[in-house]
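Contents: one structure, followed by commentary.
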Amino acid sequence: MIPISYKGEITIPIAVLSGWVQDLLGGTLPAIMTVIIVLTFIGTLLIKTVRPEILNRNHFLKALFDVPAIWLFARLLGAIFAIMALFKLGPEAIWSSNTGGLLLNDLLPILFAVFLFAGLFLPLLLDFGLLELFGTLMTKVMRPIFKLPGRSSIDCLTSWLGDGTIGVLLTSKQYEEGYYTKREAVVIGTTFSVVSITFSLVVISQVHLAHMFVPFYLTVTGAGVIAAIILPRIPPLSTKQDTYFTEQNTDYSEEDIPEGYTPFSWGMAQAVEKAAGNKSIKDFLMAGVRNILDMWMGVAPIVMALGTLALIVAEYTPVFQWLGMPFIPLLGLMQVPEAKAASETLIVGFADMFLPSVIGADIASPMTRFIVAAVSVTQLIYMSEVGGLLLGSKIPVSFWELFIIFLQRTIITLPIIVLVAHMLF
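Under my numbering, the first residue of the sequence shown is numbered 2, with each subsequent residue one higher.
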């Protein structure tokens with residue numbers, strides 16, 4: 002997570018390592034991901050039908066493959082779409098470079114490489130005291146402002162420096178281990194899974210405004226913080242229960258500091274105690290391998306299935322244009338040039354975050370292009386990646402709740418971004 006300078010960009014080591022793997026494996030990655038997705042479906046089908054002893058006896062494999070019927074169907078769909086995209090079979094709408102082909106050839110190879118290192122090194126974040134130390138130090142900031150534990154600050158930082166996907170995976174793991182309640186896990190997953198600085202630069206470059214990156218990113222950050230303060234206090238996030246996935250970790254407390262301790266010394270004491278429990282390199286590596294398989298097999302089929310469907314709807318139907326029509330008078334009221342063209346980009350971001358910038362790149366007004374790019378980043382939830390990851394994880398959130406939160410984020414951040422755009426242009 003330590004920011005480093007690499008080839009003139011600020012990034013993190015995991016991003017550099019994942020880039021090396023992508024360069025090394027190159028064109029074989031789509032085939033590798035197809036095999037992983039197909040094996041996931043076969044394993045799920047076996048445990049649902051013949052129930053082989055090896056799968057039932059192993060707790061990890063049973064949890065990985067024994068999923069509800071709706072996810073069995075999603076894994077089947079993901080396997081079919083992956084095979085069709087790899088071999089370009091069937092209707093072009095499914096495997097084209099704007100739908101299934103985009104996911105299999107562009108996104109999933111990135112997820113393969115990121116998950117490989119994020120999964121392997123995740124125990125370093127979780128099991129050696131970093132979260133315990135920051136949890137105690139940051140709780141007086143995170144709890145009153147965002148209604149979250151202090152340790153969630155690490156999830157936010159991981160997303161900001163690295164990638165929203167790593168933040169979601171970190172949040173999911175901590176939820177499963179009893180550190181976050183249902184409400185806290187959903188709030189962090191839908192509110193702090195921001196895209197990295199690097200990808201934000203890609204977005205603003207796509208609309209030909211790279212020279213405005215600094216005001217752009219400050220605008221995105223400011224609007225995102227305001228949304229993060231408001232959203233946990235309104236439904237559906239506010240209605241989530243403060244109950245735990247598993248028994249709460251009662252040995253750990255970041256808010257009740259015993260007498261004689263400062264926040265730093267109490268955080269350090271808990272961090273050292275946590276780290277002292279890790280003495281086996283074998284256990285560390287096994288935990289990493291389990292994380293990798295959980296990410297590859299639990300998430301990739303869902304991303305392939307739901308992402309492809311969402312992109313087909315965005316590419317071949319006017320559904321997202323219709324959904325964007327109510328924003329035309331609102332944009333007109335806020336004096337946004339080319340309001341109709343801008344409205345068509347506002348909802349399509351739910352399918353994929355990069356689509357609004359692709360569609361909006363041809364808009365003549367630089368102010369409108371700035372608004373389109375900034376809104377697309379602050380919306381956060383898109384089905385081709387973060388949305389699919391959330392649905393594929395154990396975090397308790399539904400497709401429709403994600404869509405409602407996406408709309409809420411749009412409605413909250415849009416006026417802020419338009420106000421800043423008027424000041425800049």
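Positions of the beta carbon are idealized from the N, C-alpha and C atoms, including for glycine.
Considering Cα atoms alone, identify which of the options is closest to residue i.
i: residue 113; options: 31, 148, 93, 76; result: 31
i: residue 415; options: 331, 403, 382; result: 331
i: residue 46; options: 247, 59, 75, 60; result: 75
i: residue 183; options: 425, 419, 396; result: 396
i: residue 348; options: 327, 92, 333, 338; result: 327
i: residue 178; options: 213, 227, 127, 196; result: 127
i: residue 352; options: 400, 274, 335, 329; result: 400
i: residue 111; options: 411, 423, 297, 245; result: 297
i: residue 390; options: 187, 106, 24; result: 187
i: residue 225; options: 419, 413, 7; result: 413
i: residue 402; options: 420, 418, 382, 17; result: 382
i: residue 176; options: 212, 346, 237, 244; result: 244
i: residue 35; options: 14, 131, 25, 301; result: 301
i: residue 125; options: 356, 309, 101, 281; result: 281
i: residue 1; options: 270, 60, 185; result: The shown model of the chain, from 2 to 426, leaves out residue 1, and the question about it has no answer.
i: residue 213; options: 370, 279, 317, 54; result: 370
i: residue 355; options: 90, 294, 88, 100; result: 100
i: residue 309; options: 380, 102, 232, 333; result: 102
i: residue 238; options: 247, 70, 191; result: 191
i: residue 89; options: 77, 78, 105; result: 105
i: residue 232; options: 410, 404, 317; result: 410
i: residue 430; options: 91, 109, 42, 60; result: Residue 430 is absent from the model: the chain starts at 2 and stops at 426.
i: residue 335; options: 98, 215, 279, 419; result: 419
i: residue 303; options: 8, 42, 279; result: 42
i: residue 317; options: 211, 185, 246, 98; result: 98
i: residue 60; options: 295, 257, 91; result: 295
i: residue 185; options: 257, 262, 242, 84; result: 242
Could you tell me the alpha carbon to alpha carbon distance between residue i and residue j, rounded to whole angstroms?
i: residue 148; j: residue 276; result: 27 Å
i: residue 315; j: residue 324; result: 11 Å
i: residue 154; j: residue 143; result: 7 Å
i: residue 122; j: residue 40; result: 24 Å
i: residue 260; j: residue 27; result: 57 Å
i: residue 119; j: residue 20; result: 13 Å
i: residue 157; j: residue 170; result: 12 Å
i: residue 322; j: residue 312; result: 13 Å
i: residue 283; j: residue 133; result: 23 Å
i: residue 235; j: residue 93; result: 42 Å
i: residue 264; j: residue 207; result: 45 Å
i: residue 319; j: residue 62; result: 42 Å
i: residue 209; j: residue 194; result: 25 Å
i: residue 107; j: residue 67; result: 29 Å
i: residue 408; j: residue 272; result: 39 Å
i: residue 423; j: residue 417; result: 10 Å
i: residue 426; j: residue 360; result: 21 Å
i: residue 22; j: residue 15; result: 11 Å
i: residue 337; j: residue 6; result: 38 Å
i: residue 268; j: residue 180; result: 15 Å
i: residue 240; j: residue 248; result: 21 Å
i: residue 69; j: residue 49; result: 10 Å
i: residue 77; j: residue 393; result: 14 Å
i: residue 52; j: residue 58; result: 10 Å
i: residue 18; j: residue 293; result: 15 Å
i: residue 217; j: residue 380; result: 14 Å
i: residue 291; j: residue 278; result: 19 Å
i: residue 9; j: residue 350; result: 29 Å
i: residue 227; j: residue 307; result: 29 Å
If contacts are defined as beta-carbon pairs under 8 Å, then residue i and residue j qualify, I think. What distance do you get, rounded to the angstrom?
i: residue 189; j: residue 172; result: 5 Å
i: residue 86; j: residue 72; result: Actually they do not touch by this definition, with Cβ atoms about 20 Å apart.
i: residue 305; j: residue 82; result: 5 Å
i: residue 151; j: residue 135; result: 6 Å
i: residue 201; j: residue 421; result: Between residue 421 and residue 201 the Cβ distance is about 15 Å, and since that is not below 8 Å, they are no contact.
i: residue 358; j: residue 204; result: 5 Å
i: residue 44; j: residue 56; result: 7 Å
i: residue 38; j: residue 80; result: 5 Å
Who does residue i pair with in a DSSP beta bridge?
i: residue 182; result: 245
How about residue i: is its Cβ closer than 8 Å to a heavy atom in the ligand COA?
i: residue 184; result: Of the ligands one can find in the structure shown there are none, so the ligand COA has no counterpart to examine.
- Message: I want to know whether the region 354-366 touches the region 327-344 - three or more CB-CB distances under 8 Å.
- Response: Three or more Cβ pairs drawn from the region 354-366 and the region 327-344 lie within less than 8 Å of each other, which places the two stretches in contact.
- Is the region 133-142 close to the region 277-291, with three or more CB pairs under 8 Å? Because the criterion of three Cβ pairs below 8 Å is not met, the region 133-142 and the region 277-291 do not touch.
- Message: Tell me whether the region 374-393 and the region 165-185 touch, counting them as touching only if at least three CB pairs, one residue from each stretch, are closer than 8 Å.
- Response: The way I'd put it, the region 374-393 does touch the region 165-185; three or more beta-carbon pairs between them come closer than 8 Å.
- Task: Evaluate the contact criterion for the region 216-224 versus the region 370-383: three or more CB pairs, one atom per stretch, below 8 Å.
- Result: Under the 8 Å Cβ criterion, the region 216-224 counts as touching the region 370-383, having at least three qualifying pairs.
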